[in-house]
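A short write-up of the structure that comes next.
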Amino acid sequence: MHEMSLAEGVLQLIEDASRRQSFARVSTVWLEIGQLAGVEVEAMRFCFDAVTRGSMAEGAQLEVIATPGSGWCMQCSATVALSEVFGACPRCGTHQVQVTGGTEMRVKELEVG
Amino acid sequence: MCTTCGCGTGEVTIDGAVAHQGHEHDHVHADGTTHSHDHAHVAEHAHEHGEEHSHSPRYAPAHAHAPGLGAKRMVQIEQDILAKNNAYAAQNRQSLAERGIFALNLVSSPGSGKTTLLCKTIAMLDGQTVAVIEGDQQTSQDAERIRATGAPAIQINTGKGCHLDAHMVGHAMEKLSLTENSLLMIENVGNLVCPAAFDLGEAHKVAILSVTEGEDKPIKYPDMFRVASLMLLNKIDLLPHLDFDVDAVIGFARRVNPQIRVIRVSATSGEGMGEWLDFLRDGLANAGAAKQETVASLKRRIAQLEAQLQRPLP
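Protein chains in written order, with my numbering: chain A, 1 to 113; chain B, 1 to 314.
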C-alpha cells in the first residue's frame, strides 16, 4: 500500500486543521486503521516520522487504533469477524463473505499545544 | 512518495504540458472542503495545491505563537486520509453525471490488452461518441493509437507515478471537452496494486485479465478485484494453446468479490465483444436516464418557485 502517500495525507489533514483551529504544535496523533485496510503499521510509523520532519507535527507521537475486520457471510446470514480481506467465514468456512468493516484509514483526533 | 515503487511528485504532464500551473478551478483541501481559486499559486499563499509535495521550510504558520501558552487540548478530526482524492473524485463524478456521461476506469497489469481492446471497442461502437484518458509513466503511444481510430484521447504521463488520481483526471477531463451522453474510458497505468485505492470519479472499475497471466491473479491481487465491478477475461482466442483453467480464475475472482461480473472476450477475434458492448450501452442508457431525471426534477422545482413568486424567474 501507499504508506508514504498516506502519511503525507495525514500531515495535510493536520496542517489544514491547524489553520482552522489555531494551533502550532502537535504532540499526539490518533489514527484509525482497519485490520483489512492493507496498511502496514510499521511502514506507516516510519513514513510518518520521515514526512513530519521539519513540519509542525515533528516529533508527534503516533497512536494507531486497529479497528476490527468484519464481513457479511451469505451462508450464515450474519456479520462475522474477518482477519483477512478474502478470508473464510470463521463459522461455516465459506468464502462468500462481503467485507462490511475494517477497511477505514482515518485521522481520528490530535492532541495539540 | 510511494514506498512500493518510489513514485514521486511534481512530474505529471497532461498531453505534454506540466499539470500544476496557476489556473482557475476549485481547490480541494485535505479535509474535503472546497473553494475556488482564480489566481496563480504563490509561495505565501496559505493553501497547498496538489496532492503530494514536499513540506518545505516555505510553510510558516500565519499567526504568532504566544510563549507560555502550552496548554494541551484535543482536536477532533475524524477525517478519512484519502479524503482529498475522494473529494476530487466526487467533483468528477458530479461533472460527469450532469452531462449523462458513462465513465469507466480500466485497470490491469501491463500487457493485458487494454489499449487493443479499447481500439476494437471504439471501432465496434461506430457512431457512439467515445473519449479516452490514457495513463502511462512515459510516452504518448497509447493516446496516439486511440486517436488513430478517430476518437479523442488525452495522455497523462505520471513520470514516476504508478497510478492515476482524481486530480489529474479532473484536469484531463477539462482538456477533453466531453460531449453529453458520451462514453469516457480511463485507461489507468498498468499496475494491479496501486490504482485500487484511488477513486477517479468513475461509474465502475473494470479489471482486465488476460488468459496468458495465470488463474491465481485475483487472489494474489485481491484489492484490485475487490473494487472492480467487472472482470474482462481477455485474449480467449489463445485458450487452445494454453493450460488456462477458466473456471478456476472465475472462482478465485468470486472468492475475492462475490458480486463481480465476468465477460470473456477476445479483442482480436471479436468473440464475446457483444456482451461487453451491451454492458457499455446499458451504462450509457442509465447515465442518460439519470441526467434526464435530474433535469426533470430541476424543472419541477423551478415551476414550484415560479408559482410561489407568481411571476416567471428572470
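Where is the CB? At the ideal position from N, CA and C, for every residue including glycine.
- Non-local C-beta neighbours of B:G272 in its own chain, meaning closer than 7 Å and more than five positions away in sequence, comprise I236, I263, R264, V265 and S266, ordered along the chain.
- About 6 Å separates the CB atoms of B:L200 and B:A89; that is less than 8 Å, so the two are in contact.
- Residue environment for B:R255: buried (at least 16 other C-beta atoms within 10 angstroms of its C-beta).
- In the pairwise beta carbon analysis, the region 220 to 233 of chain B is classified as not touching the region 121 to 134 of chain B: fewer than three pairs are separated by under 8 Å.
- Between B:T212 and B:V189, the alpha-carbon positions lie close to 19 Å from each other.
- Interface flag for A:F23 against chain B is set, since a Cβ pair is found closer than 8 Å.
- Assignment of beta-bridge partners to A:C73 by DSSP yields A:A78 and A:V97.
- Residue-level contact check: B:M74 touches chain A, since one or more beta carbons of chain A fall below 8 Å from its beta carbon.
- One finds M74, V75, Q76 and I77 in chain B with Cβ atoms closer than 7 Å to the Cβ of A:E109, taken in chain order.
- Residue burial is scored here from C-beta neighbours: B:V18 has fewer than 16 other C-beta atoms within 10 angstroms and is therefore classed as exposed.
- Between B:D136 and B:T115, the alpha-carbon positions lie close to 11 Å from each other.
- Relative to the Cα of B:C162, the nearest Cα in the group B:S229, B:A289, B:S108 and B:D15 belongs to B:S108.
- For B:K114, the uninterrupted alpha helix (DSSP H) run begins and ends at K114 to M124, by DSSP.
- The residues D15, E134, S140 and A143, in chain order, have a CB closer than 6 Å to that of B:Q155 in the same chain once the five nearest residues on each side in sequence are set aside.
- The C-alpha of B:C194 lies about 44 Å from the C-alpha of B:I302.
- Apart from the 5 residues on each side of it in sequence, A:V97 sits with its Cβ closer than 6 Å to the Cβ of G71, C73 and C89 in its chain, given in chain order.
- B:T179 and B:R99 have their alpha carbons spaced roughly 7 Å apart.
- Boundaries for B:R261: no alpha helix (DSSP H) harbours it, while the beta strand (DSSP E) harbouring it runs R261 to R264, taken from the DSSP string.
- For A:T52, no beta strand (DSSP E) run applies; the uninterrupted alpha helix (DSSP H) run containing it begins and ends at V41 to T52, by DSSP.
- Taking CB atoms only, A:V41 has no neighbour in chain B less than 8 Å away.
- Here DSSP, grouped into helix, strand and coil, assigns A:E104 to coil.
- Residue environment for B:G150: exposed (fewer than 16 other C-beta atoms within 10 angstroms of its C-beta).
- From the beta-carbon of B:K84, the residues of chain A found nearer than 8 Å are G9 and Q12.
- Around the Cβ of B:H241, a 10 Å sphere holds fewer than 16 other Cβ atoms; the residue is exposed.
- Separation of the CB atoms of A:E104 and A:G54 is rounded to 29 Å, and the pair is thereby denied contact status at 8 Å.
- Inter-residue distance for A:E3 and B:L164 is about 17 Å (C-alpha atoms, whole angstroms).
- Around the beta-carbon of B:P258, fewer than 16 other beta-carbon atoms lie within 10 Å, marking it exposed.
- For A:T28, the enclosing beta strand (DSSP E) has its first and last residue at V26 to G34.
- In this structure, DSSP gives B:E306 a helical state, which the three-state scheme calls helix.
- Think of a sphere of 8 Å around the beta carbon of B:A71: the chain A residues whose beta carbon falls inside it are G113, in chain order.
- When C-alpha distances from B:L118 are compared across B:S269, B:R261, B:V75 and B:E187, the shortest belongs to B:E187.
- Nearest C-alpha to B:S229 among B:I219, B:K205 and B:S210: B:K205.
- One Cα belongs to A:W30, the other to A:Q21, and the distance between them is close to 17 Å.
- Secondary structure at B:K235: coil, using DSSP grouped into helix, strand and coil.
- DSSP lists B:T13 and B:D136 as the bridge partner or partners of B:N157.
- If you check the CB distance, A:A50 and A:V26 do not come in under 8 Å.
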